[in-house]
Structures are given as C-alpha cells and as structure tokens.
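Remarks on the structure that follows.
Protein chains: 2
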Amino acid sequence: MLLVLTGNAKGKTTSAIGTAIRTLGHNQKVLIIQFIKESESGEITFLKKLANPNLKLHICGKGFYKIKGDHSTKEDHKKSAQEGIKKLKEELSSFSPALVILDEINNACSLGLIDPTEIIDIITKYKQTNFILTGRNAPKEFIEKSDLITEMKEIKHPFNQGQTAQKGLDF
Amino acid sequence: MLLVLTGNAKGKTTSAIGTAIRTLGHNQKVLIIQFIKESESGEITFLKKLANPNLKLHICGKGFYKIKGDHSTKEDHKKSAQEGIKKLKEELSSFSPALVILDEINNACSLGLIDPTEIIDIITKYKQTNFILTGRNAPKEFIEKSDLITEMKEIKHPFNQGQTAQKGLDF
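Chains A and B, in that order, are what the protein sequence lines are.
Each residue of the first sequence is one higher than the last, beginning at 0 in numbering that gives the first Met the number 0.
Each residue of the second sequence is one higher than the last, beginning at 0 in numbering that gives the first Met the number 0.
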C-alpha cells in the first residue's frame, strides 16, 4: 500500500510518526528515513531513545535546500539523498519492515535531489510493504501510483498571524 | 495554542499522536483523552506500554455512536463523554500537561454528546496549554477560537476501491 501525505499544512510528518507508533503497537517493524531535514526534532529524539528493535531510523538530510543559511551545494544535498536511498534498499532487504516512512521525500523529488521513478521501482518491488511518502509538492509519479492521498490543507495557521515555531508543536 | 485537525481524510489522530511523541521528546507532559472510540488501536497499546511518567491517557468512548452494532443509548455515550471532561479538568489541575489531545472530540460535539462551549471555557482558562482537537465536523466554536486548523482532505482512498482497514495503518 502506498500512502502519500502532501499539502501545505501542518500534520504530514506527525501523521507519519503517529502511524509508525500504531504499527509498532502491533509489533510490526518500521523503517523511517528522513530526507532534507538535518536537525533532530522532538519526535526523532524520542524515537531514538526508545531503542525499540522493531524500529530503524536514518537521518539523510543536509538541511532545507536553497533557503537562507544553506551553505551546502546541490551535490551535497544530492549525496545525502542518495545515501538515504542506499539505506532504504539495504533495510528493505535485510530488516524487512512492514512500514516504511520516507519523510520529506516529496520535497526531495520536487527539488531535483531524487528521481521519483527510482522510488517507484523500489516500491513496486516490495508489494507487501506499506510506504508513506511525506512532504509538499508530491511528484505526479507518486500521485498516480498511490493507493491513498491525504492533502493537509491549511485553513488557518498561526505563523500567518506572526507566531513563531514552538518547541513540542512544530519541531 | 488551539489546534484543530478536521476533514474527512486519514491523518487526524495519527498526526495528534505524532505531535504527542514530538512533545514527549522535549520532556514535556502530554495528556490524551480519547472520546467516542472504545477499542484499543495500535498506538494506544504502544503508548500504554511505554509507561512514560510524562504521558497520561484516558479512553472515554463507548464506540462509534449510531452505527451498526452500537447497542448503547445516547445517555450511555453522553455519560462516557462527560467522564472524559471530568478527567480533563482533573488532569489540567493536577498533572499540568503542556499538550492536551482530545481525540474525536469534534465528532462528540457534532453528535450532541458534548457542548463545545464547555470545552472552550476550559481552553480559555488554560492559556499556556496547547490543545489539539481532532475529528470530523469540527464545531464552529472550535473553528472560531482556533489558532491553527488543518483540514485533512481526501484525494484518494483505498476503501473507495474496495480495500478494508488494515492493522498498523488504520487501527
């Protein structure tokens, strides 16, 4: 099953993490690979500390690409993303997760760091595995192949009212 | 901060649970009260087993109301929901959570089991606490009071293609 969580609103990564927790609750294995993001959000700190043998986690981002303060080259970003794909292939073959979360992969594709057809080929090979792909701007290849798409749609957001990101809620 | 997660698509409860994990990652306290739902989903099993002192969890539902197989009266459902509100008030006062998740409370309000103004009064009293209210059909009182609303919008769903709910993904 291929699930795509996209849209401009809050809730994509947290929903994926919640589904990871749900899956772990059934003693099924979960693999999380985080693209783009480099810094450790609260959920990553928490999941690492769990040291649950049913959970594997790889952070393969170099920080947000092409934003203020990004000193990495496109090649650096691509290299990190390719490291993530390498980990994905290895873990699918050796760890055999029931659920794979590729966090921010939609962004990584739309930024040209990953070729979506490479991901589709992997997903097609592992039909029994559930995949959740998160991030804005999901590529058309994911949209077409997906079984489920939820668009997180922003109706109201405090950042638009001058609020800044808050620990626990936003990171 | 008041966050409302609504809409007809998958991702509301899982996003709330993911935010709980994020908040726990910062060693902040989380209270989860689940309305409507009675049975234990994977995430509840998992969270209970954690036995994390920063997390409190109360299941105050009698199962989905007015659906096939529901043998409870409206009074039974109301009683469970009121039990949830009692727990909410007690925990806000004694446990002092940083984040409160009221899962399926939007539904509980729209079904007439809870008066939304009672919830608004509580939220107004605890300005320093973050609240996440989930469920379809968020009442207008929550919409107006909220700082953030994400609508989980269904673009594609496998149930529409004859698939049934799947352990780990859907419960």
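Positions of the beta carbon are idealized from the N, C-alpha and C atoms, including for glycine.
One finds nothing in chain A with a Cβ atom closer than 9 angstroms to the Cβ of ALA164 of chain B; even the nearest lies about 11 angstroms away. Closest in alpha carbon position to GLU103 of chain A, among A:ASN129, A:THR123, A:THR163, A:ALA80, is A:ALA80.
Going by C-alpha positions, GLU143 of chain B is about 18 angstroms away from ALA107 of chain B. If only uninterrupted beta strand (DSSP E) runs of at least 3 residues are considered, those enclosed by the region 83 to 167 of chain A are 98 to 102, 129 to 133, 147 to 155. The closest CA to that of LYS85 of chain A, considering only A:GLY161, A:ILE32, A:GLN27, A:GLN160, is found on A:ILE32.
Within the region 129 to 149 of chain A, ASN129, SER145, ASP146, LEU147, ILE148, THR149 place their CB atoms closer than 7 angstroms to a CB of chain B, listed in sequence order.
Secondary structure of PHE34 of chain A (DSSP, three-state): strand. Per DSSP, THR12 of chain A is one residue of the alpha helix (DSSP H) stretching across 11 to 24. By the criterion of at least three beta-carbon pairs nearer than 8 angstroms, the region 36 to 49 of chain B is in contact with the region 9 to 28 of chain A. DSSP places HIS76 of chain A within a helical segment (H, G or I) once states are collapsed to three. ILE66 of chain A sits in coil when the DSSP states are folded into three classes, being neither helix nor strand.
With respect to the C-alpha of LEU4 of chain A, the residue from A:GLY60, A:LEU110, A:ASN136, A:HIS57 having the closest C-alpha is A:ASN136. At a cut-off of 9 angstroms, the C-beta of GLN160 of chain A has a neighbouring C-beta in chain B. Residues of chain B with a Cβ closer than 7 angstroms to the Cβ of GLN127 of chain A do not exist; the shortest Cβ-Cβ separation is about 12 angstroms. 9 angstroms or more divides the Cβ of LEU168 of chain A from the Cβ of LEU54 of chain B.
Across the set A:GLY6, A:MET0, A:GLY10, A:GLY83, the C-alpha of A:GLY83 shows the shortest separation from the C-alpha of GLU37 of chain A.
Closer than 7 angstroms at the C-beta level to chain A, one finds these residues of the region 22 to 42 of chain B: THR22, LEU23, GLY24, HIS25, GLN27, SER40, GLY41, GLU42. Bridge pairing for LYS55 of chain A: A:LEU30 [DSSP]. In the DSSP assignment, PHE170 of chain B falls outside any alpha helix (DSSP H), carrying neither H nor E. Neighbourhood of PHE63 of chain A in chain B, by CB distance below 7 angstroms: empty, with the nearest CB roughly 18 angstroms away.
Between LYS48 of chain A and PHE94 of chain A, the CB-CB gap reaches or exceeds 9 angstroms.
Using beta-carbon distances, HIS76 of chain A does not count as an interface residue toward chain B, since no partner is under 9 angstroms. A straight-line Cα-Cα distance of about 34 angstroms links GLU90 of chain B and GLU150 of chain A. Beta-bridge pairing by DSSP links LEU1 of chain B to B:PHE130.
In this structure, the beta-carbon distance from LYS9 of chain B to LEU147 of chain A falls below 9 angstroms. GLY60 of chain A carries a coil assignment under DSSP once its states are collapsed to helix, strand and coil.
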